[in-house]
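For reference, the structure is listed below as structure tokens.
Residue numbers (my numbering): 1 to 261.
Quick look at the structure:
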């Protein structure tokens with residue numbers, strides 16, 4: 001089992017990584033995982049669907065009613081929003097946090113799936129819900145709150161600190177996925193250490209990957225994003241793999257325990 005000390009030592013002693021090599025490996029790995037990446041997008045959409053319905057159905061109903069009556073009231077939207085009860089707003093906020101936490105655990109599970117397919121292991125659909133459990137949901141929720149607490153102040157400071165913090169924050173779920181026994185504090189510490197050490201190559205790979213996904217999505221009228229969005233996580237996975245690596249013995253024991261359950 002990796003310890004916080006051993007991970008930090010590996011990051012400190014990490015060698016320089018090659019951009020072209022990692023990008024090429026990410027493409028090859030994506031060829032194995034594109035179906036699972038598509039399923040991740042579908043599962044995420046299904047998870048967020050209740051929140052979308054709660055937020056937009058009343059608004060759509062208001063617009064339809066105006067169209068049917070033939071009367072367009074410019075102040076109707078303001079009146080509608082002003083009439084929302086505190087209970088409704090509280091329900092929406094809680095829903096955002098709960099469903100957001102579940103989405104993060106799906107993302108962590110996907111990192112685990114990428115690793116298993118990278119090592120030619122068998123993957124099942126149930127693997128997407130490996131971290132959708134009470135003991136993991138609480139950690140994911142705290143990590144989400146920490147992310148918000150870091151990103152919002154960074155954005156308010158003229159976005160300049162956000163350029164730095166977005167990289168370490170992006171490693172939160174990746175570090176958590178392969179070290180679920182770590183405390184949230186340890187996950188944050190390792191993520192910032194790794195993000196700082198490999199900030200340049202991480203941001204470069206993300207920008208190039210995002211540009212590729214954006215262009216293809218535009219060409220396919222947005223349909224391509226369902227299949228390509230998950231590609232954005234592959235370079236970060238490979239950076240973690242090359243810098244930290246995996247404890248194969250521990251992982252094998254964990255898989256046996258999971259199978260017995």
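From the three backbone atoms N, C-alpha and C, an ideal C-beta is built for every residue, glycine too.
task = Could you tell me which uninterrupted beta strand (DSSP E) segments, each at least 3 residues in length, are contained entirely in the stretch 177-260, listed from first to last along the chain?
result = none
message = Please identify the residue among 238, 118 and 112 whose C-alpha is closest to the C-alpha of residue 264.
response = Not covered by the structure: residue 264. The range shown for the chain is 1 to 261.
Pairwise C-alpha distance: residue 116 and residue 33 = Position 33 of the chain shown, counted from the start, is the residue given in the question as residue 33. Position 116 of the chain shown, counted from the start, is the residue given in the question as residue 116. If I take the Cα positions, the gap works out to 10 Å.
ask   = Is it the case that the Cβ atoms of residue 167 and residue 219 are separated by a distance below 8 Å?
value = Residue 167 sits at position 167 when you count from the first residue of the chain shown. Residue 219 sits at position 219 when you count from the first residue of the chain shown. No, the pair does not count as a contact, with Cβ atoms beyond the cut-off.
query = Measuring CA to CA, which of 21, 25, 20 and 44 is closest to residue 226?
reply = For the purposes of this step, residue 226 is identified with residue 226 of the chain shown, where counting begins at 1. Of the listed residues, the one whose Cα sits closest to residue 226 is 44.
key: Short Cβ contact (8 Å threshold) for residue 206 with residue 235   = As a first step, residue 206 is located in the chain shown; it is residue number 206 there, counting from the start. As a first step, residue 235 is located in the chain shown; it is residue number 235 there, counting from the start. The answer is yes: Cβ separation under 8 Å.
request  = Please determine, among 183, 165, 182 and 185, the residue with the shortest C-alpha to C-alpha distance to residue 196.
outcome  = Translated into the one-based positions of the chain shown, residue 196 becomes position 196. Selected option, being the one with the closest Cα: 165.
ask   = To the nearest whole angstrom, what separates the beta carbons of residue 213 and residue 228, a pair I think is in contact under 8 Å?
value = By 1-based counting over the chain shown, the position of residue 213 is 213. By 1-based counting over the chain shown, the position of residue 228 is 228. The Cβ separation is near 5 Å, so the contact holds.
task = Identify, in the order they occur along the chain, each residue of the same chain with its Cβ nearer than 6 Å to the Cβ of residue 25, setting aside the five sequence neighbours on each side.
result = As a working note, residue 25 is residue 25 in the chain shown. Excluding residues within five positions, the ones whose Cβ falls inside 6 Å are 238.
inquiry  = Please tell me whether residue 114 and residue 29 are closer than 8 Å, where the distance is taken between their beta carbons.
reply    = Counting from 1 along the chain shown, the entry for residue 114 is found at position 114. Counting from 1 along the chain shown, the entry for residue 29 is found at position 29. Yes.
message = Excluding the 5 residues flanking residue 169 on each side, which residues of the same chain have their C-beta closer than 8 Å to its C-beta?
response = Sequence index remark: in the chain shown, residue 169 carries index 169 (1-based). Only 147, 150, 151, 191 and 195 meet the Cβ criterion.
key: residue 210 versus 50, 231 and 201, residue with shortest Cα-Cα distance   = Reading the chain shown from its first residue, position 210 is the one you call residue 210. Minimum Cα distance to residue 210 is reached at 231.
key: Cα-Cα separation, residue 175 to residue 137   = Indexing the chain shown from 1 puts residue 175 at position 175. Indexing the chain shown from 1 puts residue 137 at position 137. So the two alpha carbons sit approximately 15 Å from each other.
Residue 16 - DSSP class collapsed to helix/strand/coil = Counting from 1 along the chain shown, the entry for residue 16 is found at position 16. Residue 16: coil per DSSP, three-state reduction.
request  = With a 10 Å radius around its C-beta and 16 neighbouring C-beta atoms as the bar for buried, classify residue 96 as buried or exposed.
outcome  = Counted from its first residue, the chain shown places residue 96 at position 96. By the 10 Å Cβ count, residue 96 comes out exposed.
request  = Mark residue 135 as exposed unless 16 or more other C-beta atoms lie within 10 angstroms of its C-beta, in which case mark it buried.
outcome  = The residue you call residue 135 lines up with position 135 of the chain shown. Under this definition residue 135 is an exposed residue.
query = Would you call the CB atoms of residue 10 and residue 215 closer than 8 Å?
reply = By one-based count along the chain shown, residue 10 stands at place 10. By one-based count along the chain shown, residue 215 stands at place 215. Contact: no.
request  = Go ahead and pull the three-state DSSP assignment for residue 141.
outcome  = As a first step, residue 141 is located in the chain shown; it is residue number 141 there, counting from the start. Helix.
query = In the structure shown, what three-state DSSP assignment does residue 121 receive?
reply = Position 121 of the chain shown, counted from the first residue, corresponds to residue 121. Three-state result, residue 121: coil.
inquiry  = Contact defined as beta carbons within less than 8 Å: I believe residue 144 pairs with residue 184. What is the distance between those atoms, to the nearest angstrom?
reply    = Translated into positions along the chain shown, residue 144 becomes position 144. Translated into positions along the chain shown, residue 184 becomes position 184. About 10 Å; that fails the 8 Å criterion.
task = Output the distance between the C-alpha atoms of residue 13 and residue 189, rounded to the nearest integer angstrom.
result = Here residue 13 refers to the residue found at position 13 when the chain shown is read from its first residue. Here residue 189 refers to the residue found at position 189 when the chain shown is read from its first residue. Going by the C-alpha atoms only, they are around 16 Å apart.
task = Give the C-beta separation of residue 99 and residue 173 to the nearest angstrom, bearing in mind that I take them to be a contact with Cβ-Cβ under 8 Å.
result = Translated into positions along the chain shown, residue 99 becomes position 99. Translated into positions along the chain shown, residue 173 becomes position 173. Not really, about 15 Å apart at Cβ, beyond 8 Å.
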